[in-house]
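Asks: Sharing a structure with you now.
Protein chains in written order, with our numbering: chain P, 572 to 1034; chain S, 72 to 413.
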């Protein structure tokens, strides 16, 4: 499955901010709706209570009978809600109906106080709001709390609540809409520097790696900085490639030209002895050229691998054993010894096994080549301070102190290497590999004579 | 409609010709529908309206049932087996309003109902379709000085000034016999602080108490009574047009206006047809069919007092007060006490 493309910044911002607006707007709507209903209820509840009080006011005992003289004003008050229907029930202290609708809110408890209490109910298939209050009639045994219940349908108060809601919510809705518009415009403006940057880069020529120099807001400036750092690296890498190509061309042209000249000479030679000498020369030059080509390719490979950054856990012990065995097979009479005696525990680095093998092979080859005649070659692996230390020792002539920096450069060869076939790339490769593995390469005098090449490599994570 | 015909019809006033069985008005054309009208009003008033509606809609047969306003109310308010009326017409506006309040009617909306004034339309379910000022009537020949009366206070003064002349010759509603009379008195009691004073003064004149406007007008026309209080104006005007020596006063302190109310019961079998009939009742054409006497302005220009403050009985829940039996009982008891003065 293809990885989903991440949402655009504009979309994220719009959805995020718009979502907040929608949530806020919805929240406001319910708050205002609730307020509107309560406000409408309060307004009409007062009318309802006024009507009930007016009725309660006329309640009296007449000949021991609870009597209510339903006042016109009471219902006229309720008739102010033009469309609403009205129901009422007046009940004597002992529960008998005095007048009104006997089944109105029949489950409502009898009033025991003059304080009005409100409730919502359904009556005759309509939603009604009702008030219930009591009127204390004292005097005879028929006395007690008279219950007055007055109910009104909700049409007018619902209409009022709707009106309040519309009037109160309209400005909020307008604000939310204005906010949405501002967010739309603001997000566009905020993202403008990015679009400008994109235009700037798109309009560049393919070889233009100059730094981007444009004023940018802080957030974009970081991106510009990162881009600039990347371009600096890219520029350096391009330069390195170019100089390598120039070096390689130069280095290969000379031996190839001399090979060709010697071959032409040999073609004209009639004396078999001289011809043999010339062929031997050609063979030597061909070997030199072949090694040079191999080293160049190896160097290019190491550089490429360092840039491509493939890393894994590499067991140096196994690597040393493998390289030593391979070198031994070629070197024949020169003894090559691996020494792990000063190593405590595993020797694992995080790195590129191919590059490491190449570096070590080069060092061992050098040691065999320059010091093999004088004594055995030793490979030591030991613990350093937070590093693993790999040393290749020989008993050769060593490298004078003054030349040590130069031999680490490409095609740099020391004076002691004269008379030996070499490309001048082996140490440079090893040095580059050490550098990409968080360490370094140093050239030291071996006590008792010879060269000690030391590679310090950062330890890998514990397995 | 001619005046003599209306006059003939008025003889049948006061539900005297109340029928038990519905009267059928067959469709003038091939019958396409049947409308069931229940009314607590005189058939003479309704018949021109029914026939005129049939002229408009020749396919409609009308079954017309006349009953007391209480019977009509119970016919809608209590469950029963028979067919429910499509339209119920009554001047007992308190009971009509109670039907609406109790959720027993259905709404009807049309341009005609929207054009009604607020007091004549409640919830688009109760429609007042007449305009009937409640007036003081007098015999022009026998009590000419009554033409100078302006207010109820003037009436009280006249009653007190001429106790012997008016004794037994004043006529008004018997509230116990007439729901309409009770409704008028109920409104008087609310509107006027002089109501009980007036009732006591009327009582002092030993009035004749009757059950209908028609009886009051009969008594005036025949000279048996000189003065009638709370007479339905259009009927008095009809008598006047017939030539009876009747004067009409619209009291200047306030003049109550009654409006007959039509409702469409929730259980109506033909609500669409009922709606069309209601629209017809509210139309100019219907006003013309009743001789123009029941429309707004029919009486006011001719009234003794052009400055009358008209107080239409507003359709609304406040009328439930008059439908409350306990209040009615008490008002009737108080009224009986006041009207039967020694």
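Each residue gets a CB set at the ideal place from its N, CA and C atoms; glycine is no exception.
Bear in mind the structure is a predicted one, so any value in this text is a computation, not a measurement.
Which residues in the same chain have their Cβ closer than 8 Å to the Cβ of residue 347 (chain S), if we skip the five residues on either side of it in sequence?
Replies: Residue numbering aside, residue 347 (chain S) sits at position 276 when the second chain is read from its first letter. Cβ neighbours of residue 347 (chain S) beyond the five flanking positions: 128.
Asks: Which runs of the beta strand (DSSP E) at least 3 residues long sit entirely within the stretch 652-729 of chain P? Give them in chain order.
Replies: Correct list: 657-662, 668-671, 688-694, 697-708, 715-724.
Asks: According to a CB-to-CB cut-off of less than 9 Å, which residues of the stretch 635-669 of chain P neighbour chain S?
Replies: So the close ones are 638, 639, 640, 641, 642, 643, 644, 645, 646, 647, 648, 649, 650, 652, 653, 654, 655, 656, 657, 658, 659, 661, 669.
Asks: Measure the CB-CB distance between residue 894 (chain P) and residue 935 (chain P) and report whether it falls below 7 Å.
Replies: Walking along the first chain from the start, residue 894 (chain P) turns up at place 323. Walking along the first chain from the start, residue 935 (chain P) turns up at place 364. A contact, by the Cβ cut-off of 7 Å.
Asks: What number of angstroms, rounded off, separates the C-alpha of residue 966 (chain P) from the C-alpha of residue 1016 (chain P)?
Replies: What you label residue 966 (chain P) is simply residue 395 of the first chain in a count that begins at 1. What you label residue 1016 (chain P) is simply residue 445 of the first chain in a count that begins at 1. So the alpha carbons of these two residues sit roughly 10 Å apart.
Asks: Just to check my reading of the structure: residue 167 (chain S) and residue 332 (chain S) have Cβ atoms closer than 8 Å, yes? What is that Cβ distance to the nearest angstrom?
Replies: The count along the second chain starts at 1 and reaches residue 167 (chain S) at position 96. The count along the second chain starts at 1 and reaches residue 332 (chain S) at position 261. So it is a contact: roughly 4 Å between Cβ atoms.
Asks: Going along the stretch 387-408 of chain S in order, which residues come within less than 9 Å of chain P, judged by CB to CB distance?
Replies: Flagged, chain order: 387, 388, 389, 390, 391, 392, 393, 395, 396, 397, 398, 401, 402.
Asks: Can you find at least 3 beta carbon pairs, one from the stretch 698-713 of chain P and one from the stretch 731-750 of chain P, that sit closer than 8 Å?
Replies: Because the criterion of three Cβ pairs below 8 Å is not met, the stretch 698-713 of chain P and the stretch 731-750 of chain P do not touch.
Asks: Near residue 946 (chain P), what residues of its chain come up, given a Cβ to Cβ distance below 6 Å and the 5 sequence neighbours on each side ignored?
Replies: Within the first chain, residue 946 (chain P) is the residue found at index 375, counting from 1. The residues are 966.
Asks: Residue 174 (chain S) versus chain P: which residues are under 8 Å apart at the beta carbon?
Replies: Locating residue 174 (chain S) in the second chain gives position 103, counting from the first residue. Those within 8 Å of residue 174 (chain S) in chain P are 656, 695, 696, 697.
Asks: What's the C-alpha gap between residue 600 (chain P) and residue 183 (chain S)?
Replies: Residue mapping note: residue 600 (chain P) aligns to position 29 of the first chain, counting from 1. Residue mapping note: residue 183 (chain S) aligns to position 112 of the second chain, counting from 1. Answer to the nearest angstrom: the Cα atoms are 39 Å apart.
Asks: Just to confirm the assignment, what range does the beta strand (DSSP E) spanning residue 265 (chain S) have?
Replies: For the purposes of this step, residue 265 (chain S) is taken as residue 194 along the second chain, with counting starting at 1. From DSSP, residue 265 (chain S) is part of no beta strand (DSSP E); its letter is neither H nor E.
Asks: To the nearest angstrom, how far is the alpha carbon of residue 374 (chain S) from that of residue 239 (chain S)?
Replies: Working through the second chain from its first residue, we reach residue 374 (chain S) at position 303. Working through the second chain from its first residue, we reach residue 239 (chain S) at position 168. Only weak support exists for where residue 374 (chain S) lies, its pLDDT of 44 falling under 50; the value from the coordinates is given anyway. The straight-line gap from Cα to Cα measures roughly 26 Å.
Asks: Could you give the uninterrupted runs of the alpha helix (DSSP H) lying entirely in the stretch 269-326 of chain S, keeping only those of 4 residues or more?
Replies: Those alpha helix (DSSP H) runs which fall completely within the stretch 269-326 of chain S and span 4+ residues are 284-292, 304-313.
Asks: Within 7 Å (strictly less), CB to CB, does residue 261 (chain S) reach chain P?
Replies: For the purposes of this step, residue 261 (chain S) is identified with residue 190 of the second chain, where counting begins at 1. Residue 261 (chain S) counts as touching chain P.
Asks: State the start and end residues of the unbroken alpha helix (DSSP H) segment that holds residue 361 (chain S).
Replies: The residue you call residue 361 (chain S) lines up with position 290 of the second chain. Here residue 361 (chain S) belongs to no alpha helix (DSSP H), and DSSP marks it neither H nor E.
Asks: Specify the secondary structure class of residue 578 (chain P) as computed by DSSP and reduced to three states.
Replies: The residue labelled residue 578 (chain P) in the question sits at position 7 within the first chain. Here residue 578 (chain P) sits in coil by DSSP.
Asks: Using a C-beta cutoff of 7 Å, does residue 632 (chain P) count as contacting chain S?
Replies: Locating residue 632 (chain P) in the first chain gives position 61, where the first residue counts as 1. Closer than 7 Å: no.
Asks: Where do the ends of the beta strand (DSSP E) carrying residue 383 (chain S) lie?
Replies: Walking along the second chain from the start, residue 383 (chain S) turns up at place 312. Its beta strand (DSSP E) spans residues 381-383.
Asks: Could one say the Cβ of residue 337 (chain S) lies closer than 7 Å to chain P's Cβ atoms, at least one of them?
Replies: Counted from its first residue, the second chain places residue 337 (chain S) at position 266. Chain P, which has no Cβ nearer than 7 Å to the Cβ of residue 337 (chain S), makes this no.
Asks: Could you tell me which residues DSSP pairs with residue 341 (chain S) in its beta bridges?
Replies: As a first step, residue 341 (chain S) is located in the second chain; it is residue number 270 there, counting from the start. For residue 341 (chain S), which the question treats as bridged, DSSP gives no partner whatsoever.
Asks: For residue 194 (chain S), return the contacting residues in chain P, with the cut-off set at a CB-CB distance below 7 Å.
Replies: Numbered from 1 along the second chain, position 123 holds the residue referred to as residue 194 (chain S). Those within 7 Å of residue 194 (chain S) in chain P are 654.
Asks: According to the Cβ coordinates, are residue 164 (chain S) and residue 384 (chain S) closer than 7 Å?
Replies: As a first step, residue 164 (chain S) must be located in the second chain, where it is residue number 93. As a first step, residue 384 (chain S) must be located in the second chain, where it is residue number 313. Cβ atoms of residue 164 (chain S) and residue 384 (chain S): closer than 7 Å.
Asks: Residue 851 (chain P) to residue 806 (chain P), Cα distance in whole Å?
Replies: In the first chain, counting from the first residue as 1, residue 851 (chain P) sits at position 280. In the first chain, counting from the first residue as 1, residue 806 (chain P) sits at position 235. Cα to Cα, the separation comes out at about 45 Å.
Asks: Run through DSSP, which three-state label would residue 629 (chain P) get?
Replies: Taking the first chain and counting its residues from 1, the one referred to as residue 629 (chain P) is at position 58. Three-state DSSP puts residue 629 (chain P) in coil, outside helix and strand.
Asks: Could you check the C-alpha separation between residue 764 (chain P) and residue 812 (chain P) for me, to the nearest Å?
Replies: Position 193 of the first chain, counted from the first residue, corresponds to residue 764 (chain P). Position 241 of the first chain, counted from the first residue, corresponds to residue 812 (chain P). Cα to Cα, residue 764 (chain P) sits roughly 34 Å from residue 812 (chain P).
Asks: Taking the Cβ atom as the reference point for each residue, do residue 939 (chain P) and residue 902 (chain P) lie within a distance shorter than 7 Å?
Replies: Within the first chain, residue 939 (chain P) is the residue found at index 368, counting from 1. Within the first chain, residue 902 (chain P) is the residue found at index 331, counting from 1. Cβ distance < 7 Å, so residue 939 (chain P) and residue 902 (chain P) count as in contact.
Asks: Could you tell me which residues DSSP puts in a beta bridge with residue 950 (chain P)?
Replies: Here residue 950 (chain P) refers to the residue found at position 379 when the first chain is read from its first residue. Answer is P:909, P:963, bridged to residue 950 (chain P).
Asks: Leaving aside the five residues before and after residue 836 (chain P) along the sequence, list all residues of the same chain whose C-beta is less than 7 Å from its C-beta, in chain order.
Replies: Position 265 of the first chain holds residue 836 (chain P). Excluding positions up to five away in sequence, the list reads 849.
Asks: Tell whether a beta-carbon distance below 7 Å holds between residue 876 (chain P) and residue 930 (chain P).
Replies: Numbered from its first residue, the first chain carries residue 876 (chain P) at position 305. Numbered from its first residue, the first chain carries residue 930 (chain P) at position 359. Against a cut-off of 7 Å, the Cβ pair of residue 930 (chain P) and residue 876 (chain P) comes out as no contact.
Asks: Regarding residue 913 (chain P) and the ligand SAM, is the C-beta to nearest heavy atom distance less than 6 Å?
Replies: In the structure on display, the ligand SAM does not appear, and there are no ligands present to speak of.
Asks: May I ask you to verify whether the stretch 614-622 of chain P touches the stretch 780-788 of chain P, counting CB pairs closer than 8 Å and requiring at least 3?
Replies: No, the stretch 614-622 of chain P does not touch the stretch 780-788 of chain P.
Asks: Please list the terminal residues of the continuous beta strand (DSSP E) segment that includes residue 776 (chain P).
Replies: If you number the first chain from 1, residue 776 (chain P) lands on position 205. Taken as a continuous stretch (DSSP letters only), residue 776 (chain P) belongs to no beta strand (DSSP E), as it is neither H nor E.
Asks: If contacts are defined as beta-carbon pairs under 8 Å, then residue 922 (chain P) and residue 1008 (chain P) qualify, I think. What distance do you get, rounded to the angstrom?
Replies: As a position in the first chain, residue 922 (chain P) is number 351, starting the count at 1. As a position in the first chain, residue 1008 (chain P) is number 437, starting the count at 1. So it is a contact: roughly 5 Å between Cβ atoms.
Asks: DSSP three-state call for residue 375 (chain S): helix, strand or coil?
Replies: Residue mapping note: residue 375 (chain S) aligns to position 304 of the second chain, counting from 1. Its pLDDT being 44, under 50, residue 375 (chain S) is placed unreliably by the model, and the measurement read from it follows with that caveat. Residue 375 (chain S): coil per DSSP, three-state reduction.
Asks: Look at residue 156 (chain S) and residue 107 (chain S) and say whether their C-beta atoms are less than 7 Å apart.
Replies: Position 85 of the second chain, counted from the first residue, corresponds to residue 156 (chain S). Position 36 of the second chain, counted from the first residue, corresponds to residue 107 (chain S). For residue 156 (chain S) and residue 107 (chain S), yes; Cβs fall inside 7 Å.
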